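Q: The structure is given below, and queries will be raised subsequently.
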Amino acid sequence: MADAVFLAISVLTIGSAIAALEVRSLIYGSISLMGTLGGVAGYFLLLDSPFVAMFQIAVYIGSIAVLILFTVMLVRRQLIFIKIEDKRRRYAGIGLMLIMMVSLGAIIIGSGVKTMQTDAAPVDFRTIGEDFLTYYWPALVLMALILAASVIGALTLARREDMENEQRTD
Amino acid sequence: MSAIAPKFRFSYFLRSILDNVFWIITLLTLVGIPLAMVLFFYFELPVMNNNLTSPYLMLTTIADPSRQVPLLKSIMHSDFFRITAFPGFGFAALLAAATIFIERKMLAKLQLRVGPFYCGKIEGILQLAGDGLKLISKEIIIPAKADKPIFWAAPVLFVATAAAFVALIPVAGGGWVVADVDVGLLAVFAIIGFFPVITVLSAWSANSKFPFIGGIRALHQMVSFEIPLILSVLGIVILTGSLNLSEIVQSQIHYWWIVFLPIGAIVFFIAMLAELERIPFDLPEAESEIVAGWLTEFSGMMYGLVQLGSYVKLYAFSALFVVLFLGGWNGPMIWPPFPEDIIKNGIVMGPITAHIPGLPLLDQQMINDVVWFVIKTMGVIFMILLPRGVFPRIRIDLLLHIGWYKLIGLCFVNIFIALGLLYAGVLGPGGIL
C-alpha cells in the first residue's frame with residue numbers, strides 16, 4: 011500500500027516538476043509547480059509527519075505558489091507565451107541536475123541513512139516544540155528576532171505616508 | 010378536449026399508468042430481487058446484534074421494517090455515511106441551504122421588502138428548490154476565449170475544497186467528525202490556502218475583464234487576511250496545548266475561550282468575513298462596480314456550484330468559530346430522554362404491539378450536542394449575515410490597511426494576553442481554572 015502511494019506521489023512530483031519546466035504557458039507551469047509542492051507534502055505525510063506536511067501545503071501552495079501565480083498574471087499576455095529556445099542551455103541544465111542528484115544521493119546514502127529503523131514510532135510534534143523551547147532555545151530566539159526584524163522592515167517599506175487619507179473629506 | 014394533447018383520453022392515461030406499474034413489478038421480481046441477492050453476496054454486510062448478516066437476513070429486512078433499525082444504526086456508523094451525510098457534506102449543504110433562505114428573508118425584512126413570497130405558499134419556502142431547478146436547467150455558457158480546462162475545473166474544485174474544510178469540523182462528542190486529525194487546526198489553514206488559488210485561476214481562465222479584476226481583488230484580500238486569521242487562534246493553541254479541534258472543544262467544558270480571549274474572537278470574526286467575501290468585504294464580487302466580480306462568466310449550474318461552495322464555506326467558517334471560541338457542542342442537557350416504555354414494551358397501537366429492537370437510534374447526549382452546535386452555528390451565521398443589511402462596501406486600500414496594521418497588531422495583543430494568563434498560572438495546564 012505505502013509503496014504504491016509512494017510511487018504515485020513520485021510520479022506526480024517528478025512529472026509535474028518536468029511539466030513546470032517544459033509547459034509553454036506560464037500559468038500551467040505554476041499549476042504544475044503546485045503539483046510538485048503538493049507531492050512533497052505527500053512525502054511528508056508518508057513519513058508520519060503531518061505537521062510538516064500541513065505547513066508545506068499552507069506555506070508553499072497557499073502562499074508561495076499564489077505569489078508566483080499572481081506575478082505571472084500581471085505579466086503581459088504576449089510575454090506569457092513567448093518562446094526562448096536554447097538547446098545548449100537545456101542540456102547544461104539537465105547535466106547540472108544529474109551531477110547534483112548523483113552527488114546528493116551519494117552523500118545521503120553514505121550518511122548511514124540505511125541503518126535507520128523504519129518501524130520506529132513517529133516523533134510527535136509536541137516533542138519537537140519542547141526541544142525547541144529547552145535545548146534549542148538560542149536558535150528559536152535567533153529565528154524569532156530575524157523574523158520580527160523582517161516583518162518590521164516589510165511594514166516600514168510598505169508604509170506610504172503620501173497616500174494616506176487622500177480621498178477623505180473629513 | 011385540450012389543445013395541447015388533442016387525442017387525450019382519461020382511460021388511455023390510466024392504462025399507461027397501469028402498464029408502467031405492471032412492468033415495474035414484473036421487472037423487480039424477475040430481475041431486481043435476484044440482482045439484489047447476488048449483490049448482497051458480494052458486499053461486506055454489517056454485523057447486527059453480534060451475528061453476521063447473511064443475504065437472506067438482509068432480504069427479510071425489506072419485508073420487516075422493525076429489523077431495519079439495527080441496519081440503519083450500522084449504516085450510520087459507517088465512514089461513507091459520515092463523509093456524505095451527517096457530519097460531512099450533506100449536513101453542511103442542508104445548513105447552507107437554510108442559510109441562503111434565511112439570508113434572503115432577513116435582508117428583505119431589514120429593508121422593508123417582502124423577499125421570496127410566492128413559491129410554496131408559506132413565505133416562499135420553496136424558493137430555493139425553484140432556484141436550484143432553474144440553475145440546473147439553464148445552459149452552461151463558456152466564453153469563447155476562455156481557458157477551458159481550468160474554467161470547467163474551478164467550480165468543482167471550489168466545492169471540493171469547501172467539503173474538505175467541512176470534513177475537519179467536529180459536530181458532536183464521541184467522534185462525530187469525518188477526519189479527526191491530530192493537527193486539525195493546521196489542516197484547516199492548509200485547506201483555506203487553496204481558496205485564493207482556485208479563485209484567481211478561475212478568474213484568469215474566464216479571459217474577461219471583470220472576473221480578472223475581481224480575482225485580483227480576491228487574492229489581495231484573502232492572502233492578507235489569512236495572516237490575522239491564523240495569528241488570532243494562536244492564543245487558543247497556547248492555552249490548550251493542542252491542535253486537535255475535538256480536544257479544543259473538550260477544553261471548553263466549563264468556560265468558553267471567548268471569555269478570556271475576546272480580542273482574538275473579534276479579529277477572527279473580521280478576518281472570517283473577509284475570507285468569506287461577505288459585506289463589508291465583498292470587493293471580489295462587488296455587484297455595483299464589476300458586474301459580479303470573479304463569478305461574472307459563470308452560468309447555469311457552474312454558478313450554482315460556486316454559490317453552494319461559498320455557502321458551505323460560510324457554514325464551515327462559522328462552525329470553526331463555534332468550535333474555537335464558543336465551546337463547540339458543550340451545553341446543558343435540554344433534549345428529553347427517549348421514553349423507556351417504548352424500549353421495554355414496544356409501541357402499543359390498540360390491539361397491535363410493535364417491538365422494535367435497538368430503538369434509541371442516537372443517544373441522548375449526541376442529539377443534545379448536535380442541537381447546541383447547530384444553535385450556536387446558526388447564531389454565528391446570523392451575525393455574519395447581519396452586516397449585509399447594514400454596512401456599505403469598504404475601499405480596498407482601507408481594507409488592506411485594516412488587515413496588515415490593525416488586525417495583526419490586535420493579534421499580538423491577544424497572544425500576549427494568552428501568554429500572560431498562562432504564565433500567571435490562571436489557565437492552561439496546571440492552572441487554577
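Residue numbers (my numbering), protein chains in the order written: chain V, 11 to 180; chain A, 10 to 442. Beta carbons are placed, not taken as given, at the ideal position from N, Cα and C, and that holds for glycine. Remember, predicted model here, so these are calculated numbers, not experimental data.
1) Using the beta-carbon of each residue, which ones in chain A are nearer than 9 Å to F61 (chain V)?
2) Can you pull the chain A neighbours of V76 (chain V), defined as C-beta to C-beta under 8 Å?
3) Does D180 (chain V) have its Cβ less than 7 Å from a Cβ in chain A?
4) Buried or exposed for H229 (chain A), going by 16 or more other Cβ atoms inside 10 Å?
5) How would you write the range of the alpha helix (DSSP H) that I361 (chain A) sits in, first residue to last?
6) Which residues of the region 286-314 of chain A have a Cβ closer than 7 Å to any Cβ of chain V? Give them in chain order.
7) So which residues of chain V does W381 (chain A) contact, with C-beta pairs closer than 8 Å?
8) Between which two residues does the alpha helix (DSSP H) containing M85 (chain A) stretch?
9) Starting from M107 (chain V), find everything on chain A with Cβ-Cβ shorter than 9 Å and list it in chain order.
10) Going by beta-carbon coordinates alone, are V206 (chain A) and V21 (chain V) separated by less than 7 Å?
11) Mind checking which residues open and close the beta strand (DSSP E) that includes V190 (chain A)?
12) Whose C-alpha, out of A:L285, A:Q374, A:I178, is nearest the C-alpha of P345 (chain A)?
13) Any beta-carbon of chain V closer than 7 Å to the one on W213 (chain A)?
14) What are the partner residues of M310 (chain A), as DSSP defines its beta bridges?
15) Could you name the residues of the region 146-177 of chain A whose beta carbon sits closer than 7 Å to any beta carbon of chain V, in the order they occur along the chain?
16) State whether the region 238-250 of chain A contacts the region 413-427 of chain A, with contact taken as three or more CB pairs (one from each stretch) at a distance under 8 Å.
17) Please state the DSSP three-state secondary structure of I34 (chain A).
18) Mapping the DSSP letters down to three states, classify I78 (chain V) as helix, strand or coil.
19) If we call anything under 7 Å between Cβ atoms a contact, is P148 (chain V) one with D58 (chain V)?
20) Starting from the beta carbon of F198 (chain A), find every residue of chain V whose beta carbon is closer than 7 Å, and list them in chain order.
21) Whose Cβ in chain A lies nearer than 7 Å to the Cβ of M64 (chain V)?
22) Kindly indicate if chain A contains any beta-carbon less than 7 Å away from that of G163 (chain V).
23) Is it the case that the CB of I156 (chain V) approaches a heavy atom of the ligand SAH more closely than 6 Å?
24) Can a CB atom of chain A be found closer than 7 Å to the CB of F80 (chain V)?
25) Looking at C-alpha atoms only, which residue of A:L270, A:I222, A:P179 is the closest neighbour of R493 (chain A)?
26) Does DSSP put M342 (chain A) in a helix, a strand or coil?
27) Below 8 Å on the Cβ atoms is my guess for V8 (chain A) versus V331 (chain A); work out the distance and round it to an integer in Å.
28) Could you name the residues that DSSP lists as bridge partners for M358 (chain A)?
29) I need the DSSP call for D180 (chain V), collapsed to helix, strand or coil.
30) Near F160 (chain A), which residues of its chain fall below 7 Å by C-beta distance, leaving aside the five closest residues on each side in sequence?
31) Do you know whose CA, among A:S327, A:E296, A:I245, lies nearest V383 (chain A)'s CA?
32) Taking just the CA atoms, how far does F89 (chain A) sit from P96 (chain A)?
33) Where do the N-terminal and C-terminal ends of the alpha helix (DSSP H) with Q6 (chain A) fall, by residue?
34) Looking at I145 (chain A) and M310 (chain A), is the spacing between their C-beta atoms short of 7 Å?
A: Reading from the atomic positions:
1) Reading the first sequence from its first residue, position 51 is the one you call residue 61 (chain V). Identification of chain A residues near F61 (chain V) by a Cβ-Cβ cut-off of 9 Å yields D191, V192, L195, L252, ordered along the chain.
2) The residue given as residue 76 (chain V) occupies position 66 in the first sequence. Neighbours of V76 (chain V) on chain A, chain order: G202, P205, V206, V209, L228, V232.
3) Position 170 of the first sequence holds residue 180 (chain V). Here D180 (chain V) scores only 49 on pLDDT, less than 50, and its place in the model is too uncertain to base an answer on.
4) Taking the first residue of the second sequence as 1, we reach residue 229 (chain A) at position 220. Looking at its Cβ environment, which holds 16 or more other Cβ atoms inside 10 Å, H229 (chain A) is buried.
5) Taking the second sequence and counting its residues from 1, the one referred to as residue 361 (chain A) is at position 352. Note, I361 (chain A): premise wrong, no alpha helix (DSSP H); beta strand (DSSP E) at 361-363.
6) Along the region 286-314 of chain A, there is no position whose C-beta sits under 7 Å from a C-beta of chain V.
7) The residue you call residue 381 (chain A) lines up with position 372 of the second sequence. Near W381 (chain A) there are no residues of chain V at all, since even the closest Cβ is about 29 Å away, more than 8 Å.
8) Counting from one through the second sequence, the residue named residue 85 (chain A) turns up at place 76. Residues 77-85.
9) As a first step, residue 107 (chain V) is located in the first sequence; it is residue number 97 there, counting from the start. Going along chain A, no residue has its Cβ under 9 Å from M107 (chain V), so there is no contact; the nearest lies around 27 Å.
10) Your numbering for residue 206 (chain A) matches position 197 in the second sequence. Your numbering for residue 21 (chain V) matches position 11 in the first sequence. No. Outside cutoff.
11) Position 181 of the second sequence, counting from 1, holds the residue named residue 190 (chain A). That residue, V190 (chain A), is in no beta strand (DSSP E); it is neither H nor E in DSSP.
12) On the second sequence, position 336 is the one that residue 345 (chain A) refers to. Nearest option by C-alpha distance: A:Q374.
13) For the purposes of this step, residue 213 (chain A) is taken as the residue at position 204 of the second sequence. Nearest CB-CB separation between W213 (chain A) and chain V: below the 7 Å threshold.
14) Numbered from 1 along the second sequence, position 301 holds the residue referred to as residue 310 (chain A). Beta-bridge pairing links M310 (chain A) to no other residue.
15) none
16) yes
17) Sequence index remark: in the second sequence, residue 34 (chain A) carries index 25 (1-based). It is helical.
18) Position 68 of the first sequence, counting from 1, holds the residue named residue 78 (chain V). The answer is helix: DSSP assigns I78 (chain V) an H, G or I state.
19) Along the first sequence, read from residue 1 onward, the residue named residue 148 (chain V) stands at position 138. Along the first sequence, read from residue 1 onward, the residue named residue 58 (chain V) stands at position 48. Not a contact, by the Cβ cut-off of 7 Å.
20) Taking the second sequence and counting its residues from 1, one reaches residue 198 (chain A) at position 189. Correct list: A68.
21) Along the first sequence, one-based indexing puts residue 64 (chain V) at 54. Under the 7 Å cutoff, chain A gives V192, L195, A196, A199.
22) Position 153 of the first sequence holds residue 163 (chain V). By this cut-off, G163 (chain V) is not an interface position.
23) Only the bare structure without any ligand can be found here, which leaves the ligand SAH out of the picture.
24) Here residue 80 (chain V) refers to the residue found at position 70 when the first sequence is read from its first residue. F80 (chain V) has a beta carbon lying within less than 7 Å of a beta carbon in chain A.
25) A question about residue 493 (chain A) goes unanswered here, because the residues of chain A that appear run from 10 up to 442.
26) Looking up residue 342 (chain A) in the second sequence gives position 333. The answer is coil: DSSP assigns M342 (chain A) none of H, G, I, E or B.
27) For residue 8 (chain A) there is no data in the structure shown, the boundaries of chain A being 10 and 442.
28) As a working mapping, residue 358 (chain A) is identified with position 349 in the second sequence. According to DSSP, which records beta bridges pairwise, M358 (chain A) is partnered with A:I361.
29) Here residue 180 (chain V) refers to the residue found at position 170 when the first sequence is read from its first residue. A caution first: D180 (chain V) carries a pLDDT of 49, below 50, which makes its placement in the model unreliable, though a value can still be read off. D180 (chain V) falls in the coil class under three-state DSSP.
30) Indexing the second sequence from 1 puts residue 160 (chain A) at position 151. Once the five neighbours on either side are set aside, the close Cβ partners of F160 (chain A) are I151, S211, S214, A215.
31) Against the second sequence, residue 383 (chain A) aligns to sequence position 374. When the alpha-carbon of V383 (chain A) is set against those of A:S327, A:E296, A:I245, the nearest one is in A:S327.
32) Along the second sequence, read from residue 1 onward, the residue named residue 96 (chain A) stands at position 87. Along the second sequence, read from residue 1 onward, the residue named residue 89 (chain A) stands at position 80. In this structure, the straight-line span from the alpha carbon of P96 (chain A) to that of F89 (chain A) is close to 11 Å.
33) With chain A covering only 10 through 442, there is no way to say anything about residue 6 (chain A).
34) Here residue 310 (chain A) refers to the residue found at position 301 when the second sequence is read from its first residue. Here residue 145 (chain A) refers to the residue found at position 136 when the second sequence is read from its first residue. Taking 7 Å as the Cβ cut-off, M310 (chain A) and I145 (chain A) qualify as a contacting pair.
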